[in-house]
Structure formats: C-alpha cells, structure tokens
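Here the protein sequences come in this chain order: A and B. Residue numbers for the first sequence follow the working numbering, so the first one is 280 and each next one is one higher. Residue numbers for the second sequence follow the working numbering, so the first one is 280 and each next one is one higher. We put the CB at the ideal spot given by N, CA and C, even for glycine. Since the structure is predicted, the reported quantities are computational estimates derived from the model, not experimental observations. Structure, as structure tokens:
Number of protein chains: 2
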Amino acid sequence: MKFVIQRDRLVQSVQDVMKAITSRTTIPILTGIKIIATDEGVSLTGSDSDISIESFIPKEEDEDVIVDIKQPGSIVIQAKFFSEIVKKLPLETVEIEVIGSFQTVIRSGKSEFNLIGLDPDEYPHLPQIEDGKVFKVPTDLLKTMIRQTVFAVSTSETRPVLTGVNWQVGNNELICIATDSHRLALRKAAIETDSDAHYNVVIPGKSLSELSKILDDTTEPIEIVITENQVLFKAKHLLFFSRLLEGNYPDTSRLIPTDSKTAITLNAKEFLHVIDRASLLAREGRNNVVKLTTVGDDLIEISSNSPEIGKVIEQIKSQLIEGEELKISFSAKYMMDALKALEDTEIHVYFTGAMRPFVIRPIHNDSILQLILPVRTY
Amino acid sequence: MKFVIQRDRLVQSVQDVMKAITSRTTIPILTGIKIIATDEGVSLTGSDSDISIESFIPKEEDEDVIVDIKQPGSIVIQAKFFSEIVKKLPLETVEIEVIGSFQTVIRSGKSEFNLIGLDPDEYPHLPQIEDGKVFKVPTDLLKTMIRQTVFAVSTSETRPVLTGVNWQVGNNELICIATDSHRLALRKAAIETDSDAHYNVVIPGKSLSELSKILDDTTEPIEIVITENQVLFKAKHLLFFSRLLEGNYPDTSRLIPTDSKTAITLNAKEFLHVIDRASLLAREGRNNVVKLTTVGDDLIEISSNSPEIGKVIEQIKSQLIEGEELKISFSAKYMMDALKALEDTEIHVYFTGAMRPFVIRPIHNDSILQLILPVRTY
C-alpha cells in the first residue's frame with residue numbers, strides 16, 4: 280500500500296472514524312483504524328463492535344486530486360497515535376506506505392514516522408446490509424430529532440432497552456421516543472417511506488449522539504437502512520452502522536395525559552432562565568427540585584429552599600393561566616433539558632394535578648412533546 | 280448594609296476574588312466572600328490564607344454611577360453560590376441587602392435570593408503592609424516575566440522553596456528565576472527602584488499564576504511592596520497579597536555554563552513543532568525523551584524510538600552549527616516549555632557535551648535564558 284493524500288481530508292476522516300473507537304475495548308485490533316487504498320480512493324474504518332464508521336476519501340473531487348494511489352493495499356494503524364500524528368504533520372500532503380510485515384511509514388516534509396501496524400485481515404468485517412428498504416431524512420432534520428429526544432434516554436443499565444431511542448417508522452412518518460421512566464421526549468416528522476416500510480426499533484442513545492456529532496448541518500437527505508439487528512446511516516462518503524437494542528420498548532402512548540386541569544402559556548427561553556436561577560441553590564440539596572405555584576391568573580412563581588444555604592423566589596408572567604390553581608414540584612434538570620429541546624418558542628404546559636405527569640408542547644406545533652413526572656415533596 | 284450595583288462590575292470583581300478562594304480550606308469562613316459597603320464604594324475580599332485578593336468597586340467612575348450605597352455595612356456570603364447567582368441574574372443592576380442576623384437578600388427584577396450569610400467580624404484580617412518601599416513594573420511586562428519563568432517551578436514538596444520563583448531586586452533590575460532542579464528559567468528586566476531597595480525573596484508559583492490571570496494586559500505600572508513574609512501587588516482597584524516562601528533559594532548562577540562546545544541557531548517556533556511531533560510516540564514510553572543529533576554543518580535531527588509503537592525522525596535546518604558534533608537526549612516536555620516561553624524568535628542553543636546542562640537564548644536578547652539538564656540514555 281502506498282498513497283499520497285491531502286492532509287486536511289485525512290484529518291477530517293480520521294476524526295470521524297475516531298468517534299467509534301474506544302481505548303477500553305477488549306478486542307485489541309479495534310484500537311486501530313483500518314485503512315484500505317483502492318483505485319477509487321482511500322477508506323478508513325473505526326469500530327467498537329457496537330458502532331462502526333467508514334469514511335471514504337475519493338481519489339478526485341470537483342477535478343481536484345485528493346489522493347494519489349501509488350499501490351493499493353490495506354493496513355491497521357493504532358488510532359491514538361495516527362490521529363495525533365496526522366494533525367501535526369508539517370505539509371499539506373502526507374505519504375503513507377506499508378513496507379513489509381505491517382510496518383507503516385508516514386512522511387510529510389522532513390518528518391518521517393515509522394509505525395508498527397497490525398494485520399488488516401484480522402480486522403472484523405462490517406455488518407453486511409443489503410440496500411433493500413431505504414428511507415430518507417434530511418440531515419439537519421435528523422440531527423434536530425436526535426437532539427430533541429436523546430437526552431431523555433436512561434443512563435442506568437437496569438432496563439437496557441430504555442438506554443435507546445425508540446424509532447417507529449410507517450405511513451410516511453418517523454416517531455422518535457426516549458424515556459428514562461421519569462420523563463419522556465417525543466418528536467415526530469413526515470418523511471418519505473415506501474408504503475410497506477414499517478419498523479419499530481430501539482437505537483442506542485450513544486450511537487445517535489455520536490452520529491449527530493459527525494453529520495454536517497445540511498439539508499441533503501441521509502439514507503437509513505434498518506435490518507433485524509442493525510441500522511445503517513448512509514451520508515456522502517460516510518457509512519455509520521449501529522447495532523439495535525434487543526427487547527420490547529414499552530408502549531408509552533398510555534402515559535401521555537390527554538386532558539388537563541391547569542394550562543399555562545410561557546416563553547420557553549425565559550422560563551429556562553428562571554428555572555436555571557431557581558435551581559442554583561437546589562443543586563446542592565436533594566435532587567435539584569424546584570416548586571411551581573400559580574399566582575392569580577397571570578403569574579407563575581418558581582421557588583426552592585435549601586435550609587442551610589437559603590431560598591430563592593422567581594416570578595414569570597404567563598400569557599394565560601387556565602383552570603385550577605396549582606402547586607407542583609419537579610426536577611429542575613429535567614425541566615431545563617426539556618426547555619432546551621423546545622428552543623425559543625412559546626409553550627403550553629398542561630397539568631392534571633400535583634401528582635400526575637405533565638406535558639410541555641410548543642403552542643403552534645404538535646410534532647414535539649416533552650413529559651415530566653413531578654416529585655412528591657409534601 | 281444595602282446597595283444597588285451594576286451587575287457587570289460585580290461579576291468581574293467576584294471572578295477576581297474567587298481566584299483566591301478554594302473549597303478545600305480548613306477555615307470555613309474562607310469559603311465566603313467578604314463584602315464591605317462604605318460611602319466610597321464596595322470592596323470584595325477572597326482569601327485562602329496564602330493568597331488574599333481585594334477588589335474595590337468605586338461609587339462612581341467617569342461620572343457613571345456604579346454603586347448606589349443606601350446603607351454601609353458588611354457581610355460574608357458563600358462564594359460558590361454568590362458567584363453563580365450574580366452571573367445569572369436577569370437585570371443590569373442588583374440590589375444587595377443584609378436584613379438582620381446575616382441574612383442577605385439579593386434582588387434583580389423578579390428574582391429574589393435569600394442567602395444565609397456569615398459574621399464579617401470573624402473574617403481574618405488582611406496582612407497589614409505599610410506603603411514604604413515600593414517599586415513599579417509595567418503590568419504587561421510583569422505578566423510576561425511570570426509566564427516565562429513560573430512553568431519551571433517544582434511541583435514536588437520535597438524542597439518547598441523550589442515551588443516558588445526567586446525574585447532578586449536591586450540596582451534598577453528585577454531578576455526572576457525558577458528551577459525544579461531539572462531545568463531552569465531566568466528572566467531579567469530593568470525597572471525603577473529606590474537606590475536602597477534590595478530584596479531576595481521567593482514567591483509561590485501558584486500566587487504568581489493566579490495574579491497573572493487577574494491582571495489586564497496594560498502598560499500601566501503595578502506597584503509592588505515586599506515585606507519580611509508578604510508581597511503586595513497593587514493595581515487599579517485591586518490588592519493582591521501573597522505570603523513569601525521561607526528558606527534560602529539556592530545560588531543558581533554557578534549552574535549556568537559560560538562556555539560551549541557546540542552551538543546551533545534555530546527558529547524557536549519551528550523547533551517547537553519538530554519537538555512536538557518527535558515526542559508524539561515518546562509520551563507513551565519512559566519520560567518523554569527525544570534525541571538530538573547534529574548532521575553536517577546545517578542539519579539537526581530529532582528522533583525518538585518506542586519499540587512497541589514505532590519510531591520517528593525529524594529534521595530541521597540550523598542556520599549554523601558551530602563546534603563539535605553532538606548526540607544528546609533530553610525531555611521533550613522541558614524543551615517545549617522553554618521554547619514556548621521564548622515565543623517566535625531566533626535562538627541559540629549552547630551545548631557543553633552530552634551530559635552537561637545546555638542553554639537556550641534568543642540571539643539578540645540576553646534578558647532571558649532557559650537551561651535544561653540532558654537525560655542519560657546510553
């Protein structure tokens with residue numbers, strides 16, 4: 280194997296596939312990046328066996344030569360050193376050459392590294408996924424849907440299926456749901472699917488977070504292929520494989536209340552700042568809990584009291600308070616996560632009593648819903 | 280105590296005095312910030328008993344009202360909460376009021392915090408330093424001198440005096456020296472002193488690092504007062520006290536070789552990049568050591584070899600190599616620290632053999648010197 284490549288492009292691809300590589304793996308070869316040079320270009324692969332990422336660097340793009348392949352071949356190189364080295368090389372181009380028994384020479388200007396590589400034939404094969412049923416989602420929409428749901432997955436392994444996001448695909452709709460059983464985030468969007476494409480799968484939250492970091496903010500569609508135990512995301516020059524979580528995702532539709540006894544209307548960003556301040560003292564104490572109290576027909580009071588530190592009272596105007604008076608306590612962290620997902624919109628919060636889950640929705644948009652369980656404090 | 284203050288100014292002062300406060304103190308009241316309101320303005324104090332910082336906010340500045348004092352007084356408030364709160368308050372101004380038994384109310388818009396304060400009379404007094412002998416250094420020069428020496432102090436407590444920077448003042452000159460006994464940094468500068476001002480003191484490296492973070496990059500002079508066991512830095516609206524280290528600082532002048540057997544001339548920044556790359560593989564192994572070899576009369580080779588990972592060879596052109604051929608090994612970290620202190624200048628490196636300390640100096644500037652002890656590798 281021998282090729283000369285533009286350093287910038289190599290650095291970018293290495294950074295992308297590094298997202299799948301962990302030093303804590305039990306399979307030593309997975310600490311490496313697999314490099315394959317063919318007559319079409321160079322592909323890099325990183326994997327932790329749950330997630331696998333393949334980044335392809337074409338020989339030419341827009342009539343620019345990006346890679347000059349002198350001799351096809353393949354090698355596995357320690358990811359940690361390779362990524363540091365390519366970032367710091369002195370010139371715009373890098374020559375990479377394998378010279379017998381997996382020794383790899385990396386040259387750039389007057390800098391020459393000689394790394395001990397690993398046998399590429401021992402690198403695990405990527406999942407084989409047929410290009411059968413594909414559906415497409417604009418990349419920026421996919422990133423938004425991930426961001427608005429993935430924070431709500433469970434971080435505990437007691438119910439592994441809750442560490443993933445439930446994706447329901449069918450009838451030209453994608454619904455993403457995440458819950459850790461204390462709160463729930465739901466986001467849906469119209470997408471193009473084949474009429475017979477119906478899926479109900481659970482994708483690990485970690486996979487979606489990593490995917491989101493790699494994808495550009497573009498409206499270009501990303502292709503998604505779902506099989507029995509894998510999902511594949513195909514973007515330009517990028518393949519992102521993730522295993523699916525096993526087990527049945529709970530039916531969450533019954534959890535979402537359909538009526539309400541108290542409804543308030545607020546600006547999400549303003550409310551976020553109020554909750555943030557009110558929780559400053561509560562963070563020390565038990566569970567970061569704040570209390571919400573309706574005052575008259577247009578004021579909301581948020582308060583918290585930590586006997587050893589002090590107390591705080593915040594007020595925020597509600598455009599309208601409908602229904603019964605209310606006192607309710609909840610986790611400031613869960614509320615802030617939900618409000619961040621809703622961004623700078625006007626929101627309704629629908630309560631059905633101090634001990635029942637409550638729902639937050641944008642006022643002119645039913646594609647997103649956040650649900651939080653209150654905390655019993657008195 | 281009651282006053283209304285511009286939030287920005289309060290935030291800035293709180294951030295400054297926080298530099299002296301640690302949560303690991305054994306004196307509970309030092310986890311607080313002392314606030315004193317007088318008819319002239321508001322002063323804040325933070326201290327960990329080694330370092331004390333006082334920041335003063337005047338009532339008015341440039342005809343702008345900054346503080347409106349309603350009632351003078353004082354209080355101590357938990358620094359951690361106070362700093363978080365003032366940063367996040369909603370309005371441009373903040374009202375702070377003590378309402379009996381150290382309860383402190385902080386109001387801004389519809390936000391109201393009620394904190395449990397501490398008795399200001401229990402706060403330790405700042406060192407009493409008479410405004411006797413003062414010398415002045417431009418603030419930006421002081422920051423540069425700190426940056427160019429403080430990294431070389433020892434991080435080990437085996438010889439406590441080496442954790443400080445030795446300051447020698449006299450004959451209109453300030454000399455700063457730091458060494459951890461493996462390398463040494465020296466920087467001197469002409470300053471204005473009284474003819475009878477002679478000092479030889481050791482200032483804790485940590486104090487100088489924190490001071491450097493607080494000071495603005497201005498040419499305004501900072502006043503420095505040295506007593507038997509304290510140093511006081513006086514900038515505009517800021518007092519920074521540090522205790523001095525006890526014990527005699529070693530006489531380092533004998534360590535610095537005056538002759539040389541090999542001299543090379545390089546660009547510091549280019550050399551830094553070469554050393555950085557050459558050390559990428561060495562960081563894993565023993566001590567991060569690289570080898571320097573002269574090649575002919577204008578090439579320097581930097582190499583490192585980590586048997587399990589690989590090896591690297593870098594070359595850099597020297598404008599001139601004078602004297603004997605040389606092979607020498609040294610810590611890449613020490614070399615990089617020294618080169619960063621020298622910034623983007625042309626440098627001479629003077630060697631007196633593979634086992635003797637070597638000296639790095641800018642070619643047209645004898646106010647700064649870096650010395651490094653080599654490592655025996657063969």
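Neighbouring residues, chain A, relative to residue i (Cβ below 9 Å)
{"i": "I364/B", "result": "R556, L559, L560, V591"}
For residue i: DSSP bridge partner residues
{"i": "L571/A", "result": "I581/A, I607/A"}
{"i": "L394/A", "result": "T383/A, G589/B"}
{"i": "T498/A", "result": "DSSP lists no partner for T498/A."}
{"i": "Q279/B", "result": "Because chain B spans 280 through 657 in this model, residue 279/B falls outside it and cannot be assessed."}
{"i": "V355/A", "result": "K313/A, L397/A"}
{"i": "H627/B", "result": "T544/B, R640/B"}
{"i": "E339/A", "result": "V344/A"}
{"i": "L650/A", "result": "L463/A, V638/A"}
{"i": "N479/A", "result": "Q447/A"}
{"i": "I503/A", "result": "F414/A, F512/A"}
{"i": "E622/B", "result": "Answer is none; E622/B lacks a bridge partner."}
Nearest neighbour of residue i, chosen from the options [CA to CA]
{"i": "I306/A", "options": "G325/A, V321/A, Q598/A, I493/A", "result": "G325/A"}
{"i": "S610/B", "options": "L560/B, T631/B, Q598/B", "result": "L560/B"}
{"i": "L523/B", "options": "V448/B, T442/B, Q509/B, E376/B", "result": "Q509/B"}
{"i": "E507/A", "options": "A469/A, I375/A, K412/A, I543/A", "result": "K412/A"}
{"i": "L518/A", "options": "L494/A, I535/A, N527/A", "result": "L494/A"}
{"i": "R462/A", "options": "S597/A, L599/A, K612/A", "result": "K612/A"}
{"i": "Q447/B", "options": "K467/B, T541/B, R438/B", "result": "K467/B"}
{"i": "L534/B", "options": "S387/B, A316/B, K338/B, T631/B", "result": "T631/B"}
{"i": "T472/B", "options": "I314/B, F414/B, N527/B", "result": "F414/B"}
{"i": "V384/A", "options": "Y402/A, T418/A, N451/A, V365/A", "result": "V365/A"}
{"i": "S292/B", "options": "S302/B, E452/B, S322/B", "result": "S322/B"}
{"i": "I470/B", "options": "F361/B, T434/B, L650/B, S646/B", "result": "S646/B"}
{"i": "P536/B", "options": "L648/B, M614/B, V346/B", "result": "L648/B"}
{"i": "F282/A", "options": "F361/A, G311/A, V373/A", "result": "V373/A"}
{"i": "L650/A", "options": "T544/A, V638/A, I642/A", "result": "V638/A"}
{"i": "Y528/A", "options": "S582/A, N546/A, A457/A", "result": "A457/A"}
DSSP-derived helix/strand/coil call for residue i
{"i": "I639/B", "result": "strand"}
{"i": "R721/A", "result": "No answer is possible for residue 721/A: the residues shown for chain A start at 280 and end at 657."}
{"i": "Q594/B", "result": "strand"}
{"i": "L441/B", "result": "helix"}
{"i": "E333/B", "result": "strand"}
{"i": "Q350/B", "result": "strand"}
{"i": "Y402/A", "result": "coil"}
{"i": "Q447/B", "result": "strand"}
{"i": "K389/B", "result": "coil"}
{"i": "E436/B", "result": "coil"}
{"i": "K415/A", "result": "strand"}
{"i": "A299/A", "result": "coil"}
{"i": "A633/B", "result": "coil"}
{"i": "A561/A", "result": "helix"}
{"i": "E471/A", "result": "strand"}
Start and end residues, beta strand (DSSP E) containing residue i
{"i": "L323/B", "result": "320-326"}
{"i": "I576/B", "result": "A small fix is needed here, since residue 576/B is Asp in this sequence, not Ile. It is not in any beta strand (DSSP E) - D576/B carries neither H nor E in the DSSP assignment."}
{"i": "S488/A", "result": "S488/A -> not in any beta strand (DSSP E); alpha helix (DSSP H) instead, spanning 484-493."}
{"i": "I456/A", "result": "452-458"}
{"i": "V510/B", "result": "509-514"}
{"i": "I378/A", "result": "No beta strand (DSSP E) contains I378/A, which DSSP labels as neither H nor E."}
{"i": "I600/B", "result": "600-602"}
{"i": "L517/B", "result": "517-522"}
Per-residue contacts from residue i into chain B (C-beta, under 7 Å)
{"i": "G399/A", "result": "According to the sequence as given, residue 399/A is Pro; it is not Gly. Near P399/A there are no residues of chain B at all, since even the closest Cβ is about 17 Å away, more than 7 Å."}
{"i": "S390/A", "result": "R556, E593"}
{"i": "F360/A", "result": "L559, L560, I588"}
Where the alpha helix (DSSP H) through residue i begins and ends
{"i": "F361/A", "result": "358-367"}
{"i": "I425/B", "result": "418-426"}
Chain A residues whose Cβ lies nearer than 8 Å to that of residue i
{"i": "Q357/B", "result": "I588"}
{"i": "I395/B", "result": "E587, I588, G589"}
{"i": "H552/B", "result": "K367, P369"}
Listed by chain order, chain B residues near residue i by CB distance under 8 Å
{"i": "K619/A", "result": "Within 8 Å Cβ-Cβ: nothing; K619/A doesn't reach chain B, min ~15 Å."}
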